[in-house]
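**Q** Have a look at this one before I ask anything.
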Amino acid sequence: MDIKLLRSFALVAELEHIGQAAEKLHISASPLSRQIQQLEDELGVALFHREKKRLYLSAEGKQFLTEVKALLLHHDRLNGLGKSLKNGQSGRLDIGYVEAAIHSLLLPESLARLNCSSKVDIQLHALRSQAQIDALANHALDLALVYNEPEEDDGFAFQSVLVEPVVLAMPIEQAIRDPKPEQLHMMRWIADKQSLNTAVSNRLLEVCEGSGFTPDIRLEVSGPLAALSCVEAGLGFTFIQRSLARLASSSVIVVEVPWLALYVNLYAVWRRNEAKPLVSRLLTALREHVPS
38 MDIKLLRSFA LVAELEHIGQ AAEKLHISAS PLSRQIQQLE DELGVALFHR
88 EKKRLYLSAE GKQFLTEVKA LLLHHDRLNG LGKSLKNGQS GRLDIGYVEA
138 AIHSLLLPES LARLNCSSKV DIQLHALRSQ AQIDALANHA LDLALVYNEP
188 EEDDGFAFQS VLVEPVVLAM PIEQAIRDPK PEQLHMMRWI ADKQSLNTAV
238 SNRLLEVCEG SGFTPDIRLE VSGPLAALSC VEAGLGFTFI QRSLARLASS
288 SVIVVEVPWL ALYVNLYAVW RRNEAKPLVS RLLTALREHV PS
């Protein structure tokens, strides 16, 4: 049944006048009258009682109008949904991330910039970098935030979204004003088990050894926040990404180490030529993120 015809019927039913309805529809009265008659013939019932120039809905017409209004509302909602999907205003977005994307506020603040409505379903998945790439390839993720660039021939596109210095966190009682490699060599160190054997951890050890010392790891913990708590308790030194310094207590001294020259790098990765409009919007927000 033609949507345009149903809209014409609903307008005639509202105004109870063919001429007034025709004027609003920018057509003459005769074609509109024929359309209504065609609809009645198709349904096999009289939708209106006709008295002189006015029309009044019949009992069948009132019932039909109720259904037509519901159908037109649903039709308009579907049209709106299609437009919002096309413009990235609704839909589902599955995002993988490594913890640095959260600690740096890169991901939370970028999601806030999206200004998503309740029509957007966002699912966040904490996964190691390679697991994210695998999930992306299997269409389980729409976007991955990882430590390593993917191989160029993997069918993915990527961009750098974060370059953040690694800094030194020390207990206030053991703090060194301008730490040199030879001073750090004798200190006790706290390592984050979750980052061990990652590219960042391996690079950290390489840089430390190249600078003349190897961290004497006395304690392994799960996560950088646990490491910071142990530093606060005086259990040793640790390296953290700079954005985590805001979470350090007054019992922890955080300093930059110029000779370390180590950075946390994050990359946004997505399937080439398959990005949803929502992914494109999120990529824009990630590019515009200003580190705290």
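The sequence shown maps to residues 38 to 329 in my numbering. Idealized CB from N, CA, C, for every residue including glycine.
1) In this structure, does DSSP put Leu311 in helix, strand or coil?
2) Between Gly133, Ala138, Ile139, which lies nearest to Leu5 when the distance is taken from Cα to Cα?
3) Within the same chain, show all residues whose beta-carbon is closer than 8 Å to that of Phe250, passing over the 5 residues directly before and after it, in chain order.
4) Quick one: what does DSSP say Ser155 is sitting in, helix, strand or coil?
5) Could you tell me which whole alpha helix (DSSP H) segments of length 4 or greater appear in the region 46-85?
6) In chain order, what are the residue ranges of uninterrupted beta strand (DSSP E) at least 3 long that sit wholly in the region 247-326?
7) Pull the bridge partners of His162 from the DSSP assignment, please.
8) Could you compute how far the alpha carbon of Ser155 sits from the alpha carbon of Gly128?
9) Given this structure, state the Cα-to-Cα distance separating Ala212 from Ile290, to the nearest angstrom.
10) Are there three or more Cβ pairs, one per stretch, closer than 8 Å when the region 140-153 is compared with the region 318-327?
11) Using DSSP's beta-bridge definition, name the partner residues of Gln169.
12) With a 10 Å radius around its C-beta and 16 neighbouring C-beta atoms as the bar for buried, classify Ala59 as buried or exposed.
**A** So, from the listed chains and residues:
1) By one-based count along the sequence shown, residue 311 stands at place 274. Correcting the residue identity first, residue 311 is Glu in this sequence and not Leu. DSSP places Glu311 in coil when its eight states are reduced to three.
2) Residue 5 lies beyond the range of the chain shown here (38 to 329); nothing can be said about it.
3) Locating residue 250 in the sequence shown gives position 213, where the first residue counts as 1. Around Phe250: Pro218, Glu219, Leu221, His222.
4) The residue labelled residue 155 in the question sits at position 118 within the sequence shown. For Ser155, the predicted model reports a pLDDT of 49, less than 50, meaning its position is unreliable; a value from the coordinates is still stated below. Three-state result, Ser155: coil.
5) If we require 4 residues or more, the alpha helix (DSSP H) runs fully inside the region 46-85 come out as 55-62, 66-80.
6) Scanning the region 247-326 from its first residue to its last, the whole beta strand (DSSP E) runs of 3-plus residues come out as 253-258, 275-278, 289-293, 300-308.
7) Residue numbering aside, residue 162 sits at position 125 when the sequence shown is read from its first letter. In the DSSP output, where bridge partners are listed per residue, His162 has Gly133.
8) Taking the sequence shown and counting its residues from 1, the one referred to as residue 155 is at position 118. Taking the sequence shown and counting its residues from 1, the one referred to as residue 128 is at position 91. At Ser155, the pLDDT of 49 sits below 50, so the modelled position is not reliable and the matter cannot be decided from this model.
9) Taking the first residue of the sequence shown as position 1, residue 212 is located at position 175. Taking the first residue of the sequence shown as position 1, residue 290 is located at position 253. Whole-angstrom Cα-Cα distance: 7 Å.
10) Taking 8 Å as the limit for Cβ pairs, the verdict is that the region 318-327 does touch the region 140-153.
11) Locating residue 169 in the sequence shown gives position 132, where the first residue counts as 1. Beta-bridge partners of Gln169 (DSSP): none assigned.
12) Taking the sequence shown and counting its residues from 1, the one referred to as residue 59 is at position 22. Flag for Ala59 reads buried.
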